[in-house]
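Quick note, the working numbering runs 11 ahead of the 1-based positions in the sequence shown. Taking it in order: structure first as C-alpha cells, then the write-up.
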Amino acid sequence: MTSSQPSEIDQLLASELCSPLPPRRLFFTYVMNAIAFAFSALALIPLFSILWEIITRGIIGLKAEMFVKSVIDNGFGNAILGTITVVALGSLFSIPIGLFTGIFLAEFGQTSPLARFVRFIVSILTGVPSIVVGIFAYGLIVLATKQFSAIAGGFALATIMLPIIALTTEEALKLIPIDQRLASAALGGTRFQTTIRIVVTAAIPPITTGILLAVARAAGETAPLIFTALFSLDWSAGLLGPTASLPVLIYNLYNDPDPQKNQLVWTTSIVLLGLVLSFSLLSRLVTRKKKIK
Numbered sequence: 012m013t014s015s016q017p018s019e020i021d022q023l024l025a026s027e028l029c030s031p032l033p034p035r036r037l038f039f040t041y042v043m044n045a046i047a048f049a050f051s052a053l054a055l056i057p058l059f060s061i062l063w064e065i066i067t068r069g070i071i072g073l074k075a076e077m078f079v080k081s082v083i084d085n086g087f088g089n090a091i092l093g094t095i096t097v098v099a100l101g102s103l104f105s106i107p108i109g110l111f112t113g114i115f116l117a118e119f120g121q122t123s124p125l126a127r128f129v130r131f132i133v134s135i136l137t138g139v140p141s142i143v144v145g146i147f148a149y150g151l152i153v154l155a156t157k158q159f160s161a162i163a164g165g166f167a168l169a170t171i172m173l174p175i176i177a178l179t180t181e182e183a184l185k186l187i188p189i190d191q192r193l194a195s196a197a198l199g200g201t202r203f204q205t206t207i208r209i210v211v212t213a214a215i216p217p218i219t220t221g222i223l224l225a226v227a228r229a230a231g232e233t234a235p236l237i238f239t240a241l242f243s244l245d246w247s248a249g250l251l252g253p254t255a256s257l258p259v260l261i262y263n264l265y266n267d268p269d270p271q272k273n274q275l276v277w278t279t280s281i282v283l284l285g286l287v288l289s290f291s292l293l294s295r296l297v298t299r300k301k302k303i304k
C-alpha cells in the first residue's frame, strides 16, 4: 500500500501539470504577452527610424574610393585608420589590466578588503561620463606633453574599457563550477595553475565577449577623443600628433554648410554603425559557440 502511494501522487502531479490552464489565466497570459510585444515594438520604432534615416541618406554618397582618401579629399580613410589606432591603443592599455583585475577579484582577493575597495572603484568607473574621462586624460597627458595625440586618445578609451573588461572577467570566472577547481587541486595543481590553465581557459568565451563589447563602446565614443586625439583633415603623421576618428568627424562636420561635407557625415555614419555592429555580432557569435559546446 505504501509503495503505491508515491506512484499515485506522481500521477496526480503529472496530470495537474499537464492539464490546460483555466480560461481566466489563459486570457491574462495572452493580454500580458500582447502588452509586452506592443511596448517592445514601440521601443524599437526610434531605433529603426534612426537606422532608416542613416542608411537612406548615407548610402547615396558611399563610394569605394572614400575608404582610401582623407577628409580633405572628401573621404574618411584617415578617420577609419585613426579609429582603429586609438581603439587598438586603448585595448593594449586596458585588456591586460582588466583581465588581471578580474582574475584577482574572482580568484585571489574575493572578500578581502583590498578586493572590495578595487571592486568599488571599478564600479564607480563604469558610471563616470565619457566627457569627464576625456577631461581627465586631457589634464594628465595632453597638458603634460603639450600636444594632442593618438596615445592620449587611447588612454582615454582605455579608461572607459577597463571597468567593463574587469567586471566581465570577474563574472565570467564566477560562472565556472567549483568542481573544476577541486579536480585540478586533487591532481596536484597549484592555485595559480588551476586559475590560469583551468578556470581562465574555460571562461575564455564570455571574457572575449566582454572585451568585444568594450571595444564596440570605445569605437563609438566622441567626447574623450575631442579632448585628447582632437582631429585631423589629412593623414596623421604618427601617434604623437592629432588623429582623426569617425565619431569626431561626424561631430565636426555635421553643421558644415558644404553639401559634400554634409553628405560625408551621413556616409561616415554608415561606416561607424557597421563597425560597431560587427563587434556586437562577433560577441554574440562567441557566446553562441559557448552555448553549443
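Here a beta-carbon is modelled for each residue, glycine too, at the ideal position from N, C-alpha and C.
- Judged by their CB atoms, Gly113 and Ala255 are not nearer to each other than the 8 Å cut-off.
- With contacts defined by Cβ atoms closer than 8 Å, Phe104 and Gly150 do not form a contacting pair.
- Apart from the 5 residues on each side of it in sequence, Val276 sits with its Cβ closer than 6 Å to the Cβ of Ile261, Leu264 and Tyr265 in its chain, given in chain order.
- Counting other Cβ atoms within 10 Å of its Cβ, Pro253 reaches 16 or more and is therefore classed as buried.
- One alpha carbon belongs to Glu181, the other to Ala227, and they sit about 20 Å apart.
- Counting the other Cβ atoms within 10 Å of the Cβ of Pro270 gives fewer than 16, which makes it exposed.
- If you check the CB distance, Ile175 and Thr219 do not come in under 8 Å.
- Taking 8 Å as the cut-off, the Cβ atoms of Gly86 and Met77 count as close.
- In the structure shown, Phe166 falls within a helical segment according to DSSP collapsed to helix, strand and coil.
- A distance below 8 Å separates the beta carbons of Leu283 and Leu257.
- Segment contact: the segment 232 to 247 against the segment 151 to 163, three or more CB-CB distances shorter than 8 Å; contact assigned.
- Here Gly145 has Ala167, Ala234, Pro235, Leu236, Ile237, Phe238 and Thr239 as same chain residues with Cβ atoms under 8 Å from its own Cβ, once five neighbours each way along the sequence are excluded.
- Burial state of Glu232 is buried, judged by a 10 Å Cβ sphere holding 16 or more other Cβ atoms.
- A residue is called buried once 16 or more other Cβ atoms fall within 10 Å of its Cβ, and Met43, having fewer, is exposed.
- For Ser105, the enclosing alpha helix (DSSP H) begins and ends at Gly88 to Ile114.
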